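Once you know that position 62 of the sequence shown is 61 in numbering that gives the first Met the number 0, the rest is easy, because the numbers rise by one and skip nothing. C-beta atoms are modelled at their ideal positions from N, C-alpha and C, and glycine is treated no differently. A quick note: this is a predicted structure, and the numbers were derived from the prediction, not measured.
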Amino acid sequence: MSSVLVRVGDALRLILGLLVGAALFAIVLLVCVQVFSRYFLGAPTPQLAEISRILFIWMSFLGAGLLVSRRELIVIDLLHDRLSKGYLGRLNVLVDLATAVFLVILAIYARHLMIVVGQKIAPATGISFDWFYGALLGFCGLGLVFIIERLVVGATSGGQARLDQGAAAREETAP
C-alpha cells in the first residue's frame, strides 16, 4: 500500500511540476500577445487577460499543492534545528494533521463559495466562475493526498526512509 502511495505521489509531483511550468509559459505567451495586440494593432484582447488570470490562479494553487507535497509550504524553521529527530518527527505529524484540518475546512468553504458564485460568468470569455474557485478545491484535494501519503508511508516500517529518499531525489533534480 505504501509503495503505491509513493508511486502515485511521485507521479502527481511530476505532473504538477509540468503543469505549473506549462501554465507559466502560457501566461507569458498570452501576455506578450496581449501587449502586441494592444499597442501595435490597437485591438485590446480582454479574453486573453481573463484566460491569463485563470491560469495564474491555477498555477498558484497547483504550485502550493506541490509545496505541500515537499513539506515546504508550512514549516516551522525555528524548531527544526533545536529539536531531536524524535520530537521533529512528532512535530511534522502535528503540522500535517493541522494542515489537513485546515484543508478540509477550506474545501468546505470553497465549495460553498462555488455554489454562490457558480452561476456568474466572466464577462469577456463567458467562462463560469467555478473555474476560478475550483483551484481552491484542487489545492485542498492535492494537499490532502500528499498529507495522507506522508502519514501512511511514515507510519510503516522504513516508510520515512522512503519519503526521505524521494525528497532527496526531488531536491537533486529541482532547479
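In DSSP terms, what residue i is bridged to
i: SER1; result: SER1 pairs with nothing; no bridge assigned.
Among the options, the one whose alpha carbon lies nearest that of residue i
i: LEU61; options: PHE145, VAL151, PHE138, ALA99; result: PHE138
i: ARG70; options: ALA134, GLY8, MET0; result: GLY8
i: ASN91; options: LEU105, LEU29, PHE101, VAL74; result: VAL74
i: THR44; options: GLY133, LEU150, ALA123; result: ALA123
i: ASP76; options: ILE146, LEU87, ALA97, ARG149; result: LEU87
i: PHE55; options: ARG110, VAL152, TRP130; result: TRP130
i: LEU105; options: HIS79, TYR132, GLY20, CYS31; result: TYR132
Same chain only: Cβ atoms within 7 angstroms of residue i, ignoring 5 sequence neighbours per side
i: THR29; result: Note that residue 29 is Leu in the sequence shown, not Thr. Cβ neighbours of LEU29 beyond the five flanking positions: LEU47, ILE50, SER51.
i: ALA63; result: LEU72, PHE138
i: GLN118; result: none
Cβ separation of residue i and residue j, assumed to be a contact under 8 angstroms, to the nearest whole Å
i: ILE147; j: THR98; result: Contact doesn't hold; Cβ gap of about 11 angstroms is too wide.
i: MET58; j: ILE14; result: Not quite, the Cβ-Cβ distance comes to about 14 angstroms (not below 8 angstroms), so this is no contact.
i: VAL67; j: GLY142; result: 4 angstroms
i: ALA121; j: PHE128; result: 7 angstroms
i: ARG110; j: LEU136; result: 7 angstroms
Own chain residues within Cβ distance below 8 angstroms of residue i, not counting five before or after
i: ALA42; result: SER36
Along the chain, which unbroken stretches of the beta strand (DSSP E) at least 3 residues long are found entirely within the stretch 29-107? The qualifying runs do not exist here; there are none.
Pick out the complete alpha helix (DSSP H) segments inside the stretch 118-149, 4 residues or longer, and give them in chain order. none
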